[in-house]
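Right, one structure below, let's go through it.
2 protein chains.
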Amino acid sequence: MENLRLDDVRQMIEKHQKAELRKLLLESNPVDVAELMDELTDKDLLLAFRILPKDLAADVFSRVDSDTQQKIIESISEAEVGRIINELFVDDAVDFIEEMPAVVVKKILKNTSPEMRKEINLLLSYPDDSAGTIMTTEFADLQVGLTVRDAIKRIRKIGIDSETINVLYVIDENRHLLGMLEIRKIILASPEDVIGDIMDTNVISVHTLSDQEEVASLFKKYDLLAMPVVDREDRLVGIVTVDDILDVIEEENEEDFAKMSALEPSDDLYLETNVFVLAKRRIVWLLILMVSATFTGLIIRKYEDVLSSIVILTAFIPMLMDTGGNAGSQSSTLIIRGLALGELELKDFLKIMYKELLISLIVGSILALINFVRLYYIEKTPLNITLTVTLSMIFVVMIAKVSGGLLPVIAKKLHLDPAIMAGPFITTIVDTLALIVYFKFAQVLILK
Amino acid sequence: MENLRLDDVRQMIEKHQKAELRKLLLESNPVDVAELMDELTDKDLLLAFRILPKDLAADVFSRVDSDTQQKIIESISEAEVGRIINELFVDDAVDFIEEMPAVVVKKILKNTSPEMRKEINLLLSYPDDSAGTIMTTEFADLQVGLTVRDAIKRIRKIGIDSETINVLYVIDENRHLLGMLEIRKIILASPEDVIGDIMDTNVISVHTLSDQEEVASLFKKYDLLAMPVVDREDRLVGIVTVDDILDVIEEENEEDFAKMSALEPSDDLYLETNVFVLAKRRIVWLLILMVSATFTGLIIRKYEDVLSSIVILTAFIPMLMDTGGNAGSQSSTLIIRGLALGELELKDFLKIMYKELLISLIVGSILALINFVRLYYIEKTPLNITLTVTLSMIFVVMIAKVSGGLLPVIAKKLHLDPAIMAGPFITTIVDTLALIVYFKFAQVLILK
């Protein structure tokens with residue numbers, strides 16, 4: 003890893019030490035070579051890229067930033083474009099094409115082999131977030147009737163171009179998926195064994211149109227390294243591999259983080275995104291939440307007489323609102339994550355409500371007690387004001403935790419994403435309710 | 003998957019159809035069998051578990067809940083305990099032992115083979131969250147001088163007991179890690195090739211004491227399925243496989259979600275955790291944040307004269323505070339996740355500050371403008387009050403976004419976890435600053 007240094011590479015290019023550079027790049031991990039390419043100047047980039055042998059070039063190409071990909075494609079000859087694209091795994095080629103402007107896509111498709119073009123178009127036709135878009139069509143399949151000896155011959159032939167041969171898929175003559183076979187079984191079997199006899203028929207597969215998140219949760223549940231994808235007629239059309247699933251899980255988590263912080267999800271990199279785009283991602287939710295926060299203003303205006311007669315009541319509003327907001331988002335986060343990870347289900351509705359109620363009673367009472375000691379004994383606040391604040395505290399925490407527990411469940415029931423019910427929304431709802439409770443207590447306990 | 007139904011299994015047990023049950027369980031995925039076992043009554047559980055052949059029993063055992071594991075271990079004979087434990091992968095055995103009470107652990111270790119016991123004790127001795135605790139010691143290694151023919155013989159011998167043989171690790175006579183070899187290369191090579199000539203020397207390995215999160219990020223970066231773990235003398239001692247990494251990534255994300263919502267991280271399941279434990283996870287942060295929220299109270303008291311002369315100012319406090327809190331946690335979430343995923347680094351400090359400043363200027367101005375129109379033109383609020391609210395809005399959003407961008411970076415610099423600087427902390431800091439700005443504007447613009 004550490005042996006690939008930008009300065010060394012720059013020097014080699016400057017001194018025209020092509021052989022040394024080639025040797026260095028060949029000895030390095032393609033991921034590191036790709037990282038290096040992203041750092042080079044346009045001229046050095048092309049020079050270094052052209053030094054790579056064909057298969058390494060394709061591997062590195064699939065890993066560089068899309069800016070770098072575009073620079074390379076725009077600068078190399080049409081024949082070279084064809085050589086690289088045809089060498090890519092189809093799923094990588096699709097990822098790359100989706101990022102390119104139309105004119106570049108034209109240059110790419112023009113120089114791609116007809117079979118590759120057909121497969122690229124097939125993958126491009128699947129809906130966003132479906133298993134079809136993350137699968138690759140390069141896998142190793144075996145006919146059910148083969149012997150192990152013939153199977154090994156076939157693997158030797160097609161193995162190099164498959165994204166994985168750790169698991170082989172067994173099909174009949176109509177390409178229907180019948181079973182699977184770990185490569186270790188092939189190695190451990192005797193040459194005369196028939197594939198159909200040693201295969202594992204208990205295969206977990208998904209449909210091309212299945213949702214990526216569903217595929218990811220099957221990978222997690224069954225500890226899979228790869229999973230076959232079938233079409234409507236149950237014919238094997240591709241496989242999804244675990245490295246793509248790591249990306250799906252990451253994307254999914256980032257989306258939830260974003261939604262829970264009132265951001266519109268996006269997979270742009272922060273430093274590379276322009277401020278107007280970043281501002282746009284944030285303004286929509288801020289606006290919605292600001293408008294809904296004006297409800298709290300309405301409530302305060304309604305109770306203006308209470309406040310003007312006891313101005314000190316205002317001093318406790320931020321504490322009550324903040325504590326309520328925090329208590330609510332604690333609950334909503336736990337429930338949202340529980341639903342996302344499948345640990346909680348809609349039928350647990352009542353159990354969640356009951357638990358949150360008990361927890362909020364415990365937590366709320368402790369917070370109220372501490373406030374009582376501070377206000378009444380230490381700060382010598384009048385008893386009626388102390389009671390208004392402390393009793394409100396208990397109720398606010400209870401309201402916050404029950405809303406925090408229930409809103410994500412309700413969202414899920416309405417087929418909305420529970421994550422949008424988190425942090426900010428809860429805060430607004432809890433704030434409004436907190437103020438009403440607070441002023442009601444004040445009216446009863448102070449104004450009588 | 004769907005062919006394994008709880009009712010069918012219960013019926014088979016009731017009717018003593020052992021052969022049918024055995025056949026059904028053997029045809030099912032061990033993950034599903036384990037899920038079923040968790041649902042059975044104690045009596046049925048033991049009956050069904052005893053039906054399983056030894057290797058499937060171990061696989062299922064490693065996947066059931068720890069409650070179920072304990073029930074099984076407590077009910078079966080000492081010889082049976084030994085058979086199951088010796089059949090487990092060492093890392094699974096360790097996971098299981100860590101969950102058991104002392105008396106059960108004693109029964110387990112007493113019946114474990116000496117080698118297994120030694121390996122379990124070795125793994126138990128690594129610090130929490132280190133690569134050592136998630137690695138397995140069952141892997142396939144090859145001496146560098148072997149021919150492919152002899153290598154295949156060795157794989158056949160040790161392959162069954164290795165957690166993966168998709169990647170083989172090449173060592174010298176002192177067990178130093180020299181390289182690795184994908185199984186596909188063995189299949190594609192000719193029998194006379196020497197392992198040392200066809201191996202890949204560019205191996206990414208970690209140390210037993212390396213942090214799990216660091217291991218996970220290497221898996222993501224290099225798209226690995228397994229990674230070798232070496233000890234202080236660079237000797238190969240284990241491998242980490244991608245299925246364990248999926249768990250590490252999930253844990254890591256859940257921890258961040260928890261911290262960002264002011265919860266103490268824990269991997270207990272919500273429904274199975276008692277309310278006092280759940281309350282304890284929440285109270286600490288609520289207390290800290292409640293106490294810090296009292297600062298806002300102090301500020302309001304300091305400006306009591308401003309508020310008592312213009313009570314309507316109170317009505318805008320929640321909106322300013324909420325918008326500030328939301329704007330701040332948008333920024334902190336983006337920066338925290340950027341740091342966690344390695345997309346942002348400490349050296350980007352100034353760039354982040356500059357971007358957040360620009361974004362907050364754009365976002366703050368839009369929000370202020372909308373407020374201006376609403377307050378001045380629609381609600382006919384006096385101009386000096388309108389200006390106090392709208393100018394405060396711009397400053398609050400700017401303060402919120404810059405703090406949200408910088409606090410995680412500062413936390414990282416101080417070697418604290420940036421995630422604790424998220425949501426709740428930001429809210430408290432922003433609230434305090436927002437009130438000061440608001441009252442200062444009020445003093446200048448309204449009270450003159």
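The listed protein sequences correspond, in order, to chains S and B. Heads up, the first sequence is in the numbering used here, so the first residue is 3 and it goes up one at a time. Heads up, the second sequence is in the numbering used here, so the first residue is 3 and it goes up one at a time. Ideal placement from N, C-alpha and C gives every residue a C-beta, glycine not left out. Computed from a prediction, not measured in an experiment: that's the story for all the values here.
Check your understanding: What's the C-alpha gap between serine 405(S) and lysine 414(S)?
Key -> Their Cα atoms are separated by approximately 14 Å.
Check your understanding: Is the shortest distance between the beta-carbon of isoleucine 438(S) and the beta-carbons of chain B less than 7 Å?
Key -> Not one chain B Cβ lies under 7 Å of isoleucine 438(S).
**Study point:** Residue environment, glutamine 13(S), which counts as buried when at least 16 other CB atoms sit within 10 Å
**Key:** Taking every protein chain shown into account, the CB of glutamine 13(S) has fewer than 16 other CB atoms within 10 angstroms, so this residue is exposed.
Practice item. Take the Cβ of lysine 261(B) as the centre, count every other Cβ of all protein chains shown within 10 Å, and call the residue buried at 16 or more, exposed below. Key: Per the 10 Å Cβ criterion, buried.
Point to revise | Test: alanine 153(S) CB closer than 7 Å to a CB of chain B | key: Alanine 153(S) does not count as touching chain B.
Point to revise | Neighbourhood of isoleucine 448(B) by C-beta distance below 7 Å, restricted to the same chain and skipping five residues each side | key: Closer than 7 Å at the Cβ level, and outside the excluded window around isoleucine 448(B), lie Ile312, Asn386, Ile387, Thr390.
Review point. Is the Cβ-Cβ distance between proline 320(B) and alanine 295(S) less than 7 Å?
Key: Judged by beta-carbon spacing, alanine 295(S) lies within the 7 Å limit of proline 320(B), meaning their Cβ atoms are closer than that value.
Check your understanding: What does a CB cutoff of less than 6 Å around threonine 114(B) pick up in its chain, not counting 5 residues either side in sequence?
Key -> The beta carbon of threonine 114(B) sits closer than 6 Å to the beta carbons of Ile87 from its chain, once the five residues preceding and following it are set aside; these are given in chain order.
Review point. Would the beta-carbon of glutamate 101(S) fall within 7 Å of that of glutamate 140(S)?
Key: Going by C-beta atoms, glutamate 101(S) is not nearer than 7 Å to glutamate 140(S).
**Study point:** Euclidean distance between Cα positions of valine 35(S) and valine 66(S)
**Key:** Near 9 Å, if we compare the C-alpha coordinates of valine 66(S) and valine 35(S).
Review point. Near threonine 135(S), which residues of its chain fall below 6 Å by C-beta distance, leaving aside the five closest residues on each side in sequence?
Key: Listed in chain order, the non-local C-beta contacts of threonine 135(S) below 6 Å within the same chain comprise Tyr128, local neighbours out to five positions each way being set aside.
Practice item. Please report how far the alpha carbon of isoleucine 438(S) lies from the alpha carbon of leucine 288(S), in whole angstroms. Key: Going from the Cα of isoleucine 438(S) to the Cα of leucine 288(S) covers about 23 Å.
Point to revise | Contact with chain S by arginine 1(B), beta-carbon distance below 7 Å | key: Nothing in the structure corresponds to residue 1(B), since chain B is present only between 3 and 450.
Exercise for review: Return the residues of the stretch 340 to 353 of chain S that lie within a Cβ-Cβ distance of less than 8 Å from chain B, sorted by chain order.
Suggested key: For the stretch 340 to 353 of chain S, which is checked against every Cβ of chain B, the residues closer than 8 Å are Gly340, Leu343, Glu345, Leu346, Asp350, Lys353.
Practice item. Find the nearest neighbour of alanine 264(B) within the set Leu265(S), Gly299(S), Ser334(S), judged by alpha-carbon distance. Key: Looking at the Cα atoms, Ser334(S) is the closest of the given residues.
Exercise for review: Grab the span of the beta strand (DSSP E) containing proline 230(B) for me, first residue to last.
Suggested key: First-last of the beta strand (DSSP E) with proline 230(B): 228 to 232.
Check your understanding: Smallest Cα separation from alanine 81(S): which of Asp94(S), Leu341(S), Lys56(S)?
Key -> Ranking Asp94(S), Leu341(S), Lys56(S) by Cα distance to alanine 81(S) puts Lys56(S) first.
Review point. Comparing the C-beta of isoleucine 122(S) with each C-beta of chain B, is any distance below 7 Å?
Key: It does not; no Cβ of chain B falls within 7 Å.
Review point. Taking the alpha-carbon positions, what's the aspartate 324(S) to histidine 417(S) distance?
Key: Distance between the alpha carbons of aspartate 324(S) and histidine 417(S): 29 Å.
**Study point:** Contacting positions in the stretch 301 to 331 of chain S - beta carbon closer than 8 Å to chain B
**Key:** Those residues of the stretch 301 to 331 of chain S that come within reach of chain B (Cβ to Cβ, closer than 8 Å) are Ile302, Arg303, Glu306, Leu309, Ser310, Val313, Ile314, Thr316, Ala317, Phe318, Ile319, Pro320, Met321, Met323, Asp324, Thr325, Gly327, Asn328, Ala329, Ser331.
Check your understanding: When the Cα atoms are used, what is the spatial distance from valine 375(B) to isoleucine 314(B)?
Key -> In this structure, the alpha-carbon of valine 375(B) lies about 18 Å from that of isoleucine 314(B).
Practice item. Starting from the Cα of threonine 452(S), find the closest Cα among Ser132(S), Ala50(S), Leu369(S) and give me that residue. Key: Nothing in the structure corresponds to residue 452(S), since chain S is present only between 3 and 450.
**Study point:** Between the CA atoms of glutamine 332(S) and arginine 283(B) - distance to the nearest angstrom
**Key:** The straight-line gap from Cα to Cα measures roughly 10 Å.
Review point. Where in the stretch 51 to 78 of chain S do unbroken runs of the alpha helix (DSSP H), each at least 4 residues long, occur, reported from the N-terminal end onward?
Key: Whole alpha helix (DSSP H) segments, 4+ residues: 56 to 65, 68 to 77.
Check your understanding: Is the stretch 15 to 32 of chain B in contact with the stretch 349 to 366 of chain S, if contact means three or more CB pairs nearer than 8 Å?
Key -> Flag = no, the stretch 15 to 32 of chain B and the stretch 349 to 366 of chain S do not touch.
Check your understanding: Residue range of the beta strand (DSSP E) that glutamate 476(S) falls in?
Key -> Because chain S spans 3 through 450 in this model, residue 476(S) falls outside it and cannot be assessed.
Check your understanding: What is the rounded straight-line gap between the Cα of alanine 218(S) and the Cα of leucine 273(S)?
Key -> For the pair alanine 218(S) and leucine 273(S), the Cα-to-Cα distance works out to about 29 Å.
Practice item. Starting from the beta carbon of leucine 1(S), find every residue of chain B whose beta carbon is closer than 9 Å, and list them in chain order. Key: Outside the modelled stretch of chain S, which goes from 3 to 450, sits residue 1(S), for which no answer is possible.
Exercise for review: Return the chain-ordered list of same chain residues with a C-beta closer than 6 Å to the C-beta of alanine 329(B), the five sequence neighbours on each side being excluded.
Suggested key: Within the same chain, alanine 329(B) has close Cβ partners Val399, Ala402, Lys403.
Point to revise | Cutoff 6 Å; reference alanine 228(B); Cβ partners in own chain excluding five residues on either side | key: Taken in chain order, the residues that qualify are Thr166, Val169, Ile241, Thr243.
**Study point:** Cβ-based burial, proline 103(B) [other Cβ within 10 Å; buried from 16]
**Key:** Classification for proline 103(B): exposed.
Point to revise | Ranges of the alpha helix (DSSP H) found wholly within the stretch 5 to 56 of chain S, counting only runs of at least 4 | key: For the stretch 5 to 56 of chain S, whole alpha helix (DSSP H) runs of length 4 or above, ordered along the chain, are 8 to 16, 20 to 29, 32 to 41, 44 to 53.
Practice item. Decide if isoleucine 380(B) is buried, meaning its Cβ has at least 16 other Cβ atoms within 10 Å, or exposed. Key: By the neighbour-count rule (16 or more Cβ atoms within 10 Å), isoleucine 380(B) is not buried but exposed.
Review point. Do we get a CB-CB distance below 7 Å when we pair glycine 84(B) with the residues of chain S?
Key: No, no contact with chain S.
Point to revise | Reference isoleucine 455(S); option with closest CA among Asn176(S), Ile78(S), Ser132(S), Lys20(S) | key: No statement about residue 455(S) is possible, as the shown extent of chain S runs from 3 to 450 and does not include it.
Check your understanding: tyrosine 379(S) CB to nearest chain B CB: under 7 Å?
Key -> Not closer than 7 Å to any Cβ of chain B, the Cβ of tyrosine 379(S) fails to qualify, so no.
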